[in-house]
Amino acid sequence: MKVLVAVKRVVDYNVKVRVKADNSGVDLANVKMSMNPFCEIAVEEAVRLKEKGVATEIVVVSIGPTTAQEQLRTALALGADRAILVESAEELTSLAVAKLLKAVVDKEQPTLVILGKQAIDSDNNQTGQMLAALTGYGQGTFASKVEVSGDKVAVTREIDGGAQTVSLKLPAIVTTDLRLNEPRYASLPNIMKAKKKPLEVLTPDALGVSTASTNKTLKVEAPAARSAGIKVKSVAELVEKLKNEAKVI
Ligand code: AMP
429 MKVLVAVKRV VDYNVKVRVK ADNSGVDLAN VKMSMNPFCE IAVEEAVRLK EKGVATEIVV
489 VSIGPTTAQE QLRTALALGA DRAILVESAE ELTSLAVAKL LKAVVDKEQP TLVILGKQAI
549 DSDNNQTGQM LAALTGYGQG TFASKVEVSG DKVAVTREID GGAQTVSLKL PAIVTTDLRL
609 NEPRYASLPN IMKAKKKPLE VLTPDALGVS TASTNKTLKV EAPAARSAGI KVKSVAELVE
669 KLKNEAKVI
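Going by my numbering, the sequence shown opens with residue 429, and the numbers climb by one from there.
#1: Would you kindly check if the distance between the Cβ of Val431 and the Cβ of Ile486 is under 8 Å?
#2: With DSSP collapsed to three states, give me the class of Met429.
#3: For Lys573, which residues does DSSP report across the bridge?
#4: If you run the structure through DSSP and keep just helix, strand and coil, what is Arg612?
#5: Let me confirm a value: Thr484 is counted as buried when at least 16 other C-beta atoms fall within 10 Å, else exposed. Which label applies?
#6: Taking DSSP as the reference, what is the three-state secondary structure of Lys527?
#7: Given 8 Å as the limit, is there contact between the segment 461-476 and the segment 501-520, that is, 3 or more CB pairs closer than that?
#8: Leaving out five residues on either side along the sequence, give the residues of the same chain with a beta carbon under 8 Å from the beta carbon of Gln592.
#9: Grab the span of the beta strand (DSSP E) containing Lys545 for me, first residue to last.
#10: Compare the beta carbon distance of Ala582 and Ser572 with 8 Å and say whether it is the shorter of the two.
#11: Return the bridge partner residues of Gly568 from the DSSP annotation.
#12: Can you tell me whether DSSP reads Val514 as helix, strand or coil?
#13: For Met558, count neighbouring C-beta atoms within 10 Å of its own C-beta (all shown protein chains included) and say buried if the count is 16 or more, exposed if not.
#14: Once you ignore the five residues that flank Asp509 on each side, which residues in its own chain have a CB closer than 6 Å to its CB?
#15: Alpha carbon to alpha carbon, how far is Lys478 from Asn609? Give it in angstroms, no decimals.
#16: Is Ile491 close to ligand 3? I mean its beta-carbon at under 7 Å from any heavy atom of the ligand.
#17: Between Gly544, Ser641, Lys625 and Leu670, which has its C-alpha nearest Lys684's C-alpha?
#18: The beta strand (DSSP E) with Ile469 in it runs from where to where?
#19: Between the Cα of Val433 and those of Thr521, Ser516 and Val533, spot the shortest distance and give me the residue it belongs to.
#20: Measuring CA to CA, which of Ser577, Gly636, Gly564 and Pro626 is closest to Lys480?
In structure tokens:
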């Protein structure tokens, strides 16, 4: 069974992002970039399926600039077999990404496609769902457990106040939630081996996909700065402030 995993290059989660002075977007100059954390969970799940003998090949795909090869090499070091970069320097919408992934699905014919539930840069939480719609495959989003048996996959989903288990006919789309697994670290020998694994570079044109956007970002702003806290001397003062200043009681 072939598993396709989509990985996105994003600003590292430890970085405190800065908005550009002209409010046109986030300043990415000299900022540490990493694999989206939910995509790390997706890669880990695929590797575990291979270790269990369920998956036979793991193909990782990223859509982004040439530098996204770094995240693909990381995925190869974690256990993926080969990588595809769909090279695009533009900032793409989820729909454009989903259309490109659909073209890769058509080319690769995977049995299972695993994506993160959301990318921590744009927080869209759309790509997996859009890919399911474009391919017509069943979708199990926010997965905390994935079990393949025969031509079906059972996906336990994190939903408000509990868990829901759905059974999907393969091929299917799964998006990962935080509790699905704890990703491993790549070992040095595997990082070295990953340098020799195949990495194919494609373009949206070669896949016959138009990435023209229907969205336009008007403005990006940092959250309002919080004012400094104060220390109160007594419970009475606290109650007085909560009543008359904060007006919450
Ligand atoms: P989003 O819908 O943008 O929040 O992203 C959800 C998931 O879709 C991510 O965790 C990735 O698995 C996948 N994805 C989004 N953008 C890309 C991209 N440029 N390249 C590869 N995968 C992506």
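Cβ coordinates follow ideal geometry from the N, Cα and C atoms, glycine included.
For clarity, every value in this text was computed on a predicted model and none was experimentally measured.
If we stick to the structure as given:
#1: For the purposes of this step, residue 486 is taken as the residue at position 58 of the sequence shown. For the purposes of this step, residue 431 is taken as the residue at position 3 of the sequence shown. With a cutoff of 8 Å on beta-carbon distance, Ile486 and Val431 are scored as near each other.
#2: The residue given as residue 429 occupies position 1 in the sequence shown. Reduced to three states, the DSSP call for Met429 is coil.
#3: As a working mapping, residue 573 is identified with position 145 in the sequence shown. DSSP lists Thr584 as partners of Lys573.
#4: Here residue 612 refers to the residue found at position 184 of the sequence shown. Reduced to three states, the DSSP call for Arg612 is coil.
#5: For the purposes of this step, residue 484 is identified with residue 56 of the sequence shown, where counting begins at 1. Flag for Thr484 reads exposed.
#6: Counted from its first residue, the sequence shown places residue 527 at position 99. In this structure, Lys527 counts as helix in the three-state DSSP scheme.
#7: yes
#8: Position 164 of the sequence shown, counted from the start, is the residue given in the question as residue 592. So the list reads Thr584 and Arg585, once near-sequence residues are dropped.
#9: Working through the sequence shown from its first residue, we reach residue 545 at position 117. Per DSSP, Lys545 belongs to no beta strand (DSSP E) and is neither H nor E.
#10: The residue given as residue 582 occupies position 154 in the sequence shown. The residue given as residue 572 occupies position 144 in the sequence shown. No, Cβ-Cβ distance for Ala582 and Ser572 is not below 8 Å.
#11: As a position in the sequence shown, residue 568 is number 140, starting the count at 1. According to DSSP, Gly568 bridges with Val602.
#12: As a working note, residue 514 is residue 86 in the sequence shown. Looking at Val514 - three-state DSSP - the assignment turns out to be strand.
#13: For the purposes of this step, residue 558 is taken as the residue at position 130 of the sequence shown. Met558 should be labelled buried.
#14: For this step, residue 509 is matched to residue 81 along the sequence shown. Result list for Asp509: Glu485 and Ile486, in chain order.
#15: In the sequence shown, residue 609 corresponds to position 181, counting from 1. In the sequence shown, residue 478 corresponds to position 50, counting from 1. Cα to Cα, the separation comes out at about 15 Å.
#16: Here the bound small molecules are ligand 1; ligand 3 is not part of this structure.
#17: Outside the shown range of the chain (429 to 677) lies residue 684, about which nothing can therefore be said.
#18: Position 41 of the sequence shown, counted from the first residue, corresponds to residue 469. First-last for Ile469: Pro465 to Glu479, but that is the alpha helix (DSSP H), not the beta strand (DSSP E).
#19: In the sequence shown, counting from the first residue as 1, residue 433 sits at position 5. Looking only at Thr521, Ser516 and Val533, the smallest Cα-Cα distance to Val433 is reached by Val533.
#20: Here residue 480 refers to the residue found at position 52 of the sequence shown. Among Ser577, Gly636, Gly564 and Pro626, the Cα nearest to that of Lys480 is on Ser577.
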